[in-house]
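Residue numbers (mature numbering (1 follows the signal peptide of the UniProt record, and there is no 0)): -28 to -1, 1 to 980. Each residue gets a CB set at the ideal place from its N, CA and C atoms; glycine is no exception. Being a predicted model, the structure only gives us computed values, none of them experimental. Please read the structure below before turning to the comments.
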C-alpha cells in the first residue's frame, strides 16, 4: 500500500544525506598538507587540531583499531620500520612516542601530532617538548614549547639529546635520516663550557654552526662572564672555533677583541683534561723578588696517565722546573710522581759573586689494589738538604721537617708456604741550619737495598683433622734476608773507636783512637750547636756524583738467616699463657777481621780477609702473659664504677757465650804490654766487628728477662636522665693505654737493667687526642773530660783525682770538673747516687683537637673527608679526597685545629734539647661566599711565631679569588710573602663549592 512506501523512501533519502555529509567530512579531513615542488612538507606548516580524530589515552584503548588507511603504518605509540614497503626512506629502528594530553593521527597516514609532555625516542636520539610533530615519510620531527597564560612564560621547551650531546632549545626541526637539523635558541654543554646561540645548524657529523653565540664556563642563566662571537663552530668532541669575538664580564663588553679563537675540549678522561696552567704571580721582597710560578701545561696522555709540566721564574735570577704525573689503572694500582728542580738566588740584588743554590725534590707514591699473589708499593720522599727550607709547597710540617724517608717494596707469595720480597730504602737527615749561610750542613744519607725469602711455618706433626695433642702445635719455618747499603758517612777501613789500645794498620803506621777524645769531639760539636755554631763532621762527605765512587767503595754487604721454631703452648692455672720457643739465626759476611798482637810495636795489627763467612747464634726463650681486672664502685649520681684492666707479661731469653773458641766468632788478645790491665771483655773482639749484622762487639752471652705491663682505665657512667637498670650506662675511657716496658740482662758485665720506656695515649672529651712517650735511664751519671775530682763510695771523706778515662764503678758524684760530657756509671743506680729514682732521657708529648660545628663533624663524603659524592672517578674529586687540607670548603662555617708538641732530649744532666710549639689552623666563613683561612703557631724555643699564613677566599661561582699573606716565616732566613689570585673555576669545583687553597712557600718577605 502507498502509505507503507513513504517511510521507505524517506529512509533512503535520509541515508543518502548522511552519506553525503560523511563524504564532505572525509574530503575535508584528507586534504593534503602544503607541499613544495619536491613534495616535502613546508617548514612551519602546523595542522589545526581535528576533534573528530583525537585519540585521548584516557578514553581510547591503546589497542584501538585504526582506519584501513592507517593500518600497517601507525600502531599504538610504537611504530616499527618496514623496509619492504618504504625502502630507504623508512625508519631503520623502532620509533617510540607518547604524549600526556593527546595524540593526533592525521588522515594522510604520514603524520602524528603529540600534545603535552610529548616525547619521541629513536635509537639513541630522544626529544621532549610540549608539542611534537612526526612525519614518517620525510623522516622529520618538529618540536616547540607553548606559552602558559597562567604562569606567563613559555613551558615545555624542546630538549633534544643525541647520544652524549644534550641541547635545550626554543624550536627544533630534525631529520632522522640525514641527521641534520635546524635549531632556534640553543643551550648546550660541550666539555667544561656552555654554548648558547640564536640560530644553529647541525650536520650529520654532529658539528654545530652557531650564529650570535656566546661561550662560557658559568652555568647561570645570566653568566658572570662569557665570550661573545658572531659566528661559532663546534667540532664534535674536539674543539670550538670562534670568529671575531670579545670578552664580556658582568654584561659589560671589554673594548679589546680578537679576530678568532680556539677552545679545545677533548673527551674528559678519569685522569683529567689537557690544558694550560695559568701561572701564579706575586712578590718576595727580601728573597727572590717578583715571580711567576706554577705555570705550564697539563697533558692528559691517556685514560690512565696525566703529565703536568710547570715552571717558575723570579726577577732576581731564580728559576725552577717541575714535572708531576698521576696514573691509575682501575682495579690494579694508582700513584703519583713529582720531580722538581730549583736554582735559587736571593738577596736585594743579583750578586754575581754569590753562588746560586741548586735544590731538587723527588716524590713517588704507588699503591696497589690487593689482588693475586704479588704486591708492589712505593713511598719515595727524597730531596736536597735545603729544599724544604726554601721551597715548602705543602705546609708547615714540610718546612720544619729535618728528615725524609723513602721506601719501595715488592712482595710475592709462591704457593701456600713460600714468599719473597725486595725493599729499597733511603733515609735522609738534613742536618742543622747554619745561621750564617742559611743552609743546612752535616746532612746524612743512607741507602739500602734489602731482599728476603721465607717459608711459612709448617706443623710436621699435625695430623689430618687434628686430634688436639700437645705436639701438634710444634712448628718451624725459614727466613733469609740480605742488604747492600751505602752512606755518605765514611767508615774507617777498620773501626778502632773505643778499643783503648794502639792499632797497626796495613800500612804499618801506628794509630791510637781514644774513647775520651772521640767523646770530647762529640761534646764540642754538641756545645757548638747549643751556642748556635755549626762544626763540620769530618766523617761526612757530600752525597754527590763527584763522591759516588768513594760512597760505593764504602758499601756494606750483609745477609741474615733465621729458623723460627714454635713450641707447644702451655696453660698454667687456667689464666696464664706460657709460650716456649727456640730460634736459630746468623749473618753471612763478605769479609772478616784477624787480630794479631805485635810485640815489637806494642800494638795490635788488624787484617781484613775477603770471602764467604757465615756466623750464627741461637737462643732459647719463653714468655708468659695474663690479664686481670679490678673494679672500684663509686655509686655516685652519674659515675657508677671505675674499671682497671691490667695485662702483665714477662719473657726470658737465653743466648750462650759465643766468645768461646769453639764457635770461631771471637778472638781474645793477650794480657800484655799496652793491653795489660784491660778487662777480658775489652780484649775479646768479634771477627766481624764494625761490619754490621747481629754479631756484637763484645760478649754475646745473655740471659734477658723482659717485662711489661699494659694498663687501661675506663669509667662506667649513667646517661643523663637514665635509670638504674644498666641499659642507660655507657663506658668512657680514661686512659686507653698506659704501658711500661724494660728488660734485665742477668749475664751482662754492666748496665744489666735497660732504659725504661713509658707510654700513654687517650681521648679526652671525645675530640682531644693525647699521646705521650718517654724513656728513663735507671743508672747514675758522672762528668768527665779533662781533669775531674770525684768523691768515692769507699772513702766518702776527701777528694781523689782520677784519670779522665777511668771506668771505676764506685764514682758517684763530682765535686768539680772541666768539660761538659757525662757518662753512665755501671752498676750504680740513680737512686743510690741521690739522682732520683730514674733519669729522664727523652720525652715526646702531643695534644691535638679539632673544633667544628656539629653538622661538619657528621658530614660524610668520598673517603670520609666531607666531599660530596659527585663523579668520584673524576681526577679533581680524587685530588680533593687525597689532599683535603689544600681546599677550602664553603659548606663548613668554621673549623679550628689546635695542636701542641713537646719534645725533650737530655744529652746529659746539664744539656737538653727542647722542641716545643703550639700550632693553630682553621677557617671562618664571614658570609656564605667569604672565607678567611689561617695557619700559625708559636715556637717556645725560639720565642717567636712559627710559619704564619693568612688567606682570604671569595666564592665567585664561576670565578675564584684568593689572597694569601705570610707575615711571619718562623726563621731569620725565610721572611713572609703575599700573593693574589683571580681565575675561572672548573665546573666540578662549582658543584662542590670548593676553592683551591694556594699554598704558601717562600723564601722572601712582606716586611723589610
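Provide the residue(s) that pair with residue i in DSSP beta bridges, ordered along the chain.
i: residue 338; result: 307, 350
i: residue 933; result: 926, 954
i: residue 532; result: 453, 559
i: residue 616; result: 602, 685
i: residue 85; result: 76, 105
i: residue 228; result: Paired residues: none, contrary to the question.
i: residue 722; result: DSSP, once it has assigned bridges, lists no residue as partnering residue 722.
i: residue 393; result: 383, 424
i: residue 711; result: 682, 731
Using the Cα positions of residue i and residue j, report the straight-line distance between them to the nearest angstrom.
i: residue 398; j: residue 459; result: 10 Å
i: residue 910; j: residue 918; result: 5 Å
i: residue 1005; j: residue 621; result: As displayed, the chain neither begins before -28 nor continues past 980, which places residue 1005 out of reach and without an answer.
i: residue 727; j: residue 904; result: 48 Å
i: residue 102; j: residue 267; result: 49 Å
i: residue 160; j: residue 154; result: 14 Å
i: residue 985; j: residue 547; result: As displayed, the chain neither begins before -28 nor continues past 980, which places residue 985 out of reach and without an answer.
i: residue 95; j: residue 297; result: 40 Å
i: residue 71; j: residue 92; result: 9 Å
i: residue 100; j: residue 138; result: 11 Å
i: residue 554; j: residue 526; result: 36 Å
i: residue 609; j: residue 745; result: 35 Å
i: residue 315; j: residue 934; result: 27 Å
i: residue 108; j: residue 83; result: 6 Å
i: residue 291; j: residue 518; result: 24 Å
i: residue 590; j: residue 625; result: 10 Å
i: residue 633; j: residue 341; result: 52 Å
i: residue 581; j: residue 528; result: 15 Å
Quick check on residue i: buried or exposed, where buried means 16 or more other Cβ atoms within 10 Å of its Cβ?
i: residue 542; result: exposed
i: residue 644; result: exposed
i: residue 807; result: buried
i: residue 811; result: buried
i: residue 284; result: buried
i: residue 378; result: buried
i: residue 224; result: exposed
i: residue 882; result: exposed
i: residue 197; result: buried
i: residue 1041; result: The question about residue 1041 has no answer, for the chain in this structure spans -28 to 980.
i: residue 800; result: buried
i: residue 119; result: exposed
i: residue 162; result: buried
i: residue 932; result: buried
If I'm right that residue i touches residue j with Cβ under 8 Å, what's the distance once you round it to whole angstroms?
i: residue 908; j: residue 865; result: 20 Å between Cβ atoms; not a contact.
i: residue 894; j: residue 868; result: 4 Å
i: residue 906; j: residue 924; result: That pair is no contact at about 10 Å.
i: residue 352; j: residue 335; result: 6 Å
i: residue 711; j: residue 741; result: That belief does not hold up - the Cβ atoms of residue 711 and residue 741 are roughly 17 Å apart, past 8 Å.
i: residue 753; j: residue 880; result: 7 Å
i: residue 424; j: residue 452; result: 7 Å
i: residue 749; j: residue 733; result: Their Cβ separation, rounded to whole angstroms, is 23 Å, which puts residue 749 and residue 733 out of contact at 8 Å.
i: residue 311; j: residue 295; result: 5 Å
Suppose the cutoff is 7 Å on Cβ atoms and the five residues either side in sequence are ignored; what does the same chain contact list for residue i look like?
i: residue 876; result: 814, 815, 884, 886
i: residue 145; result: 15, 112, 114, 153, 154
i: residue 639; result: 567, 657, 659
i: residue 251; result: 264, 265, 266, 267
i: residue 269; result: 248, 249, 281
i: residue 982; result: This structure does not reach residue 982, given that the chain is present from -28 up to 980, and the question cannot be answered.
i: residue 476; result: 482, 570, 573, 575, 576, 577
Looking only at its own chain, which residues have a Cβ that is under 8 Å from the Cβ of residue i, when we skip the five neighbours before and after it?
i: residue 701; result: 612, 688, 689, 690, 691, 694
i: residue 234; result: 211, 212, 213, 214
i: residue 392; result: 383, 384, 386, 423, 424, 425, 426
In chain order, what residues of the same chain lie with their CB nearer than 6 Å to the CB of residue i, ignoring the 5 residues before and after it?
i: residue 420; result: 397, 455, 457
i: residue 172; result: 155, 158, 180, 182
i: residue 674; result: 627, 717, 719
i: residue 891; result: 871, 909
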